[in-house]
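Taking our numbering, the leading residue of the sequence shown gets 41, the next gets one more, and so forth.
Each residue gets a CB set at the ideal place from its N, CA and C atoms; glycine is no exception.
Model, not experiment: these values are computed from the prediction.
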Amino acid sequence: MTLSRPTKLWFDTHYDSQSSGLYCIEQIKERVLRDDNATEVREWRDADLVHLNTIPFRRRDLGVWWSSKPMVVTQHGGYHWWRSRRELLARPDHRIFALMRAIFRVTSRRPQRIGFSTEYTRELAVERGGVPAERTQVIPLGRNENYRDREPTAIEDPFVLVVVNNRNPRKNVPTIVETMAEMPDVRFVLPGKMWGEYPDELPANAEVTGYVSEEELIGYYNRAAALYLPTLYEGFGLPFVEAMACGTAVVTTERGSPLEVCGDAAAYVEDPMDANEHAALLRRLIMDGEYRGELEARGLDRAEAFSWRKTADAYLDAYDEVLYSESRGDAEDSAEPIADRSRARSE
């Protein structure tokens with residue numbers, strides 16, 4: 041896919057912290073800008089189209105939102121749409137979630153196209169968030185090509201890998217800790233900063249590594265007997281794709297998007313809160329090499345469906361449709377983007 045005409049683009053990468061959303065938009069931007077007709081500009085006012093990292097709802101988004109610039113959005117997660125209205129009202133912070141829902145219901149009518157990483161999150165946004173369905177599109181996220189099967193599983197000293205970057209209730213961290221306690225003879229490797237700040241005592245078999253480089257993380261993925269993420273809600277789940285690409289079996293739940301992302305390449309627990317069930321499934325993966333190998337092979341095949349190049353191509357196509365679709369068949373038409381021509385006619 042390539043843009044029909046030279047196009048100036050502005051990407052919303054102005055974040056104060058290293059979030060997964062920032063990582064994703066940077067991966068998309070890097071590959072979009074390889075297109076011969078794509079040029080990045082530093083100021084959104086100079087762009088033909090702006091690409092935001094979420095439906096605009098923060099104060100710093102107001103200028104872009106009030107403008108008439110054509111807008112494409114990559115919408116991550118959708119956690120604020122996950123719980124039903126009744127469940128939200130039972131939460132002490134329900135007013136915050138209710139406010140976020142109200143703001144998103146209004147601002148989601150602004151972008152011309154909103155890309156969701158899974159059909160599950162798109163449906164939640166439409167059904168519970170009031171996002172206009174005709175403006176939505178499912179565009180799966182990708183995987184970095186560095187994540188690949190480089191070395192065999194460490195069967196002499198098997199361990200389970202847990203990649204969790206926060207203690208949000210949807211990550212189901214208490215159940216993870218309980219499962220570790222049920223398997224005292226198995227190592228659980230816990231990379232990242234979050235575990236170092238965990239308020240309670242962890243079981244002795246929890247190996248907290250702190251921050252690790254990408255190369256170290258890829259090594260853990262390759263050697264692990266399984267990636268264990270018993271999520272209660274996941275908008276996409278990059279660790280699932282990264283693990284599958286490294287030839288690592290995945291143990292998760294069917295809550296949220298894992299089933300859509302992993303398909304038959306993962307092992308699913310029935311009860312997200314049952315640590316005994318989780319421990320039994322993890323033990324089977326560790327002990328049964330044939331079963332583990334089957335999941336690893338399926339995962340390698342499944343991971344091939346995800347690439348940032350495919351994601352970027354889908355967004356290039358979305359840009360082209362938003363800006364130029366009305367004039368594709370008219371060779372005499374102006375090279376101005378549609379939104380600019382519409383404004384000119386109205387002035």
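Inter-residue spacing [alpha-carbon to alpha-carbon] between residue i and residue j
| i | j | result |
| --- | --- | --- |
| Pro224 | Glu255 | 28 Å |
| Val112 | Gly182 | 18 Å |
| Asp197 | Glu163 | 42 Å |
| Tyr251 | Tyr364 | 45 Å |
| Leu128 | Leu43 | Residue confidence is low: Leu128 scores 49 on pLDDT, short of 50, so the model does not pin down where it sits. Its coordinate-derived value is still stated next. Taking the straight line joining both Cα atoms gives about 43 Å. |
| Glu330 | Ser253 | 31 Å |
| Thr79 | Leu62 | 19 Å |
| Lys109 | Val90 | 7 Å |
| Phe144 | Ile179 | 20 Å |
Residue span of the beta strand (DSSP E) that contains residue i, given as start and end
| i | result |
| --- | --- |
| Arg153 | 153-156 |
| Trp50 | 47-51 |
| Thr114 | 111-115 |
| Phe199 | 199-201 |
| Tyr355 | Run containing Tyr355: none in the beta strand (DSSP E); it sits in the alpha helix (DSSP H), 348-364. |
Residue from the options whose Cα sits closest to the Cα of residue i
| i | options | result |
| --- | --- | --- |
| Asp101 | Asp88, Arg141, Pro151 | Pro151 |
| Gly170 | Ile154, Asn184, Ile179, Pro180 | Ile154 |
DSSP-derived helix/strand/coil call for residue i
| i | result |
| --- | --- |
| Arg141 | helix |
| Phe280 | helix |
| Pro298 | helix |
| Thr79 | strand |
| Val252 | coil |
| Val178 | strand |
| Ala246 | strand |
| Gly232 | strand |
| Arg210 | helix |
| Tyr187 | coil |
| Pro96 | coil |
| Tyr273 | coil |
| Arg168 | coil |
| Ala266 | strand |
Boundaries of the alpha helix (DSSP H) in which residue i is found, first to last residue
| i | result |
| --- | --- |
| Ala221 | 213-222 |
| Val72 | 60-72 |
| Ala319 | 315-327 |
Contact between the stretch 260-280 and the stretch 290-302: three or more CB pairs below 8 Å? With contact defined as three or more Cβ pairs closer than 8 Å, the stretch 260-280 and the stretch 290-302 are in contact.
So, does the stretch 259-267 touch the stretch 276-293, judging by three or more C-beta pairs under 8 Å? In this structure the stretch 259-267 touches the stretch 276-293; the number of beta carbon pairs closer than 8 Å is three or more.
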